[in-house]
Amino acid sequence: MRYLEDVVLKKWSAAVLAGALAVGALAGCGGGDDAGSGDSGGGGGKITMGFSQVGAESGWRTANTKSIQESAATAGIDLKFSDAQGKQENQIKAIRSFIAQRVDVIAFSPVVESGWDTVLKEAKDANIPVILTDRSVDSQDKTLYKSFIGSDFVLEGKKAGEWLVKEYEGKPEPVNIVELQGSPGAAPANDRKAGFAEVIKADPKFKVIASQTGQFTRTDGKEVMEAFLKAHQDIDVLYAHNDDMGLGAIEAIEAAGKKPGTDIKIITVDAVKDGMTALAAGKINYIVECSPLLGPQLMDLAKKVKAGETVEQRVVTEETTFTQEQAKAALPDRKY
Ligand code: GYE
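Per my numbering: the sequence shown = residues 1298 to 1633.
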């Protein structure tokens, strides 16, 4: 009995939901440019944005969340924020719930690159525009989202490699590198690895002797570095895909009686305050910046998309790199 009721209820709510979506879609199509369609944000009222965040794995992520929340408030956008705790299935659920709630815009930072076509099609069919922030997806159909705002992660990897090539210029001895990768399948992990590899392959003296994921977290960065240190006596360089893993690895290096920044040279990506502090203190040698302050541009894009304006498919974040000296100079004004 209970089971039957459940089934009926589920079927009933599915039908209502499907109906609501169809009505929403019709309103969207028939009404031309959405502006006056009379749903939650229509008629020039407050825009509602559903945002699905990756999680809270790093200092970068914390700064990114803060940027999005603060700029939504400043822009007068009603933000429905959902934390996926590093799981793609949670993001898909959140996006479906945003569709059911008929938000005006959906934005998300995809945990991994693949596997988004179905849910993105659902959003498109419901006439809800999607903006990708920070990380992209590998969908071939570019009409599934309006814009992607974020960094060029391949370029970041290349910048890391270029510093290394310069640092060891004129020194013919082999350079043994260990690599801490970001979370598996994430765009910044794939691309930072690829960009770095492309640059260092020009000289066979550079050898990546171990490469493993540290999940973009300090804890895993530390643990994996401990294992690297046990397995290899001759590590010259650590390339970590973010500051947090590098900071965890520094603890492991010090615990092993070695001097980070001197015995083992360290390159990381992000340039959050803790990373910059370690760089200024000589424990990291070089940081490639990746800006988490995407909130203001995202809110701007959302307003334009909602107003029916065409927006650029790709907005690339501007960023720089830091040496130890540059970190000392930049640190006092660093906001995150
Ligand atoms: O570098 C890392 C975070 O997607 C650019 O994710 C972001 C990356 C960032 O966990 O610290």
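Using N, Cα and C, we set each Cβ at its ideal position, and we do this for glycine too.
Residue i classed as buried or exposed, judged by whether at least 16 other C-beta atoms fall within 10 angstroms
i	result
threonine 1431	In the sequence under discussion, the amino acid at residue 1431 is aspartate, which differs from the threonine named in the question. Result: buried.
valine 1613	exposed
glycine 1383	buried
Residues near residue i in its chain [Cβ-Cβ closer than 7 Å; skip 5 each side]
i	result
alanine 1491	Val1451, Gly1454
lysine 1443	Pro1426, Val1427, Ile1428, Val1602, Val1608
asparagine 1361	Asp1431, Pro1589, Leu1591
alanine 1627	Met1573, Phe1619
Close-in-space but distant-in-sequence residues of the same chain around residue i (CB under 8 Å, 5 per side omitted)
i	result
alanine 1553	Glu1523, Leu1526
lysine 1421	Val1427, Thr1440, Leu1441
serine 1411	Val1434, Asp1435, Gly1482
Of the residues the options, the one placed nearest residue i, counting alpha carbons only
i	options	result
isoleucine 1446	Pro1469, Ile1497, Glu1367, Leu1595	Leu1595
valine 1475	Lys1456, Ala1499, Glu1464, Lys1504	Lys1504
glutamine 1385	Gln1366, Leu1376, Asp1414, Lys1377	Asp1414
isoleucine 1532	Lys1555, Arg1515, Leu1376, Asp1540	Lys1555
serine 1448	Leu1535, Arg1631, Val1566, Pro1629	Val1566
Where residue i falls: helix, strand or coil (DSSP)
i	result
valine 1409	coil
phenylalanine 1513	coil
aspartate 1422	helix
arginine 1611	strand
glutamate 1466	coil
threonine 1345	strand
alanine 1604	coil
proline 1471	coil
aspartate 1540	helix
glutamine 1350	strand
aspartate 1380	strand
glycine 1447	strand
lysine 1562	strand
alanine 1404	strand
isoleucine 1584	strand
proline 1557	strand
Proximity of residue i and residue j at Cβ, strictly below 8 Å
i	j	result
leucine 1544	aspartate 1571	yes
phenylalanine 1619	alanine 1568	yes
leucine 1477	histidine 1529	no
lysine 1519	alanine 1546	yes
alanine 1507	valine 1585	no
tryptophan 1460	isoleucine 1563	no
valine 1416	isoleucine 1389	yes
Any non-hydrogen atom of the ligand NAP within 7 Å of residue i CB
i	result
asparagine 1487	Absence of the ligand NAP is noted for the structure shown, with the ligand GYE being the only ligands found.
Contacts around residue i, its chain only, beta-carbon distance under 6 Å, and the 5 residues preceding and following it disregarded
i	result
lysine 1502	Pro1471, Val1472
threonine 1510	Gln1478, Pro1481
glycine 1347	Lys1377, Phe1395, Val1400, Ile1403
arginine 1515	Asp1541, Leu1544, Gly1545
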